[in-house]
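Take 212 as the starting number for the sequence shown in the numbering used here and just add one per residue. Please read the structure below before turning to the comments.
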Amino acid sequence: MRCKMKKMPKSFEKKLRKYNELNNKSAELHDEISNHLDDVGVPYDNLVATTDPWSKEPRTESLAYINNCECKTEESLNEEIESIRKVYEYFVNK
212 MRCKMKKMPK SFEKKLRKYN ELNNKSAELH DEISNHLDDV GVPYDNLVAT TDPWSKEPRT
272 ESLAYINNCE CKTEESLNEE IESIRKVYEY FVNK
């Protein structure tokens with residue numbers, strides 16, 4: 212049920228500010244991850260499965276899952292990190 216109010220609640224404004232702050236931090240971390248992958252020669256596309264499906268090189272969607280907040284448990288996060296590790300190590304040792 213909707214309620215009438217003259218002004219947006221301060222508590223809601225506070226949540227918007229916090230959301231913006233966390234999104235900015237997330238974007239910074241994403242840039243750091245992207246830059247690191249570039250530095251060590253791991254193609255970003257191979258970690259978000261946007262590469263040629265016929266390629267013989269390993270790929271995973273795991274970074275996309277992490278980026279989309281799909282890892283709700285430590286176990287699922289560990290599985291995705293392990294999948295990333297395999298692709299990462301393939302390219303850095305190529």
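C-beta atoms are modelled at their ideal positions from N, C-alpha and C, and glycine is treated no differently. Keep in mind the model is a prediction, meaning the values are calculated, not measured.
What is the rounded straight-line gap between the Cα of Ile292 and the Cα of Asn279? 14 Å
Determine the direct distance from the alpha carbon of Glu268 to that of Thr262, and round the result to whole angstroms. 9 Å
Excluding five sequence neighbours on each side, which residues of the same chain lie with their C-beta closer than 6 Å to the C-beta of Asn252? It is worth fixing the name first, because residue 252 is Gly in this sequence and not Asn. Correct list, in chain order: Phe302.
Helix, strand or coil: how does DSSP classify Arg296 here? helix
Limits of the alpha helix (DSSP H) - the one that Arg228 falls within: Lys221 to Val251
Quick check: what's the CA-CA separation for Ser273 versus Asn246? 18 Å
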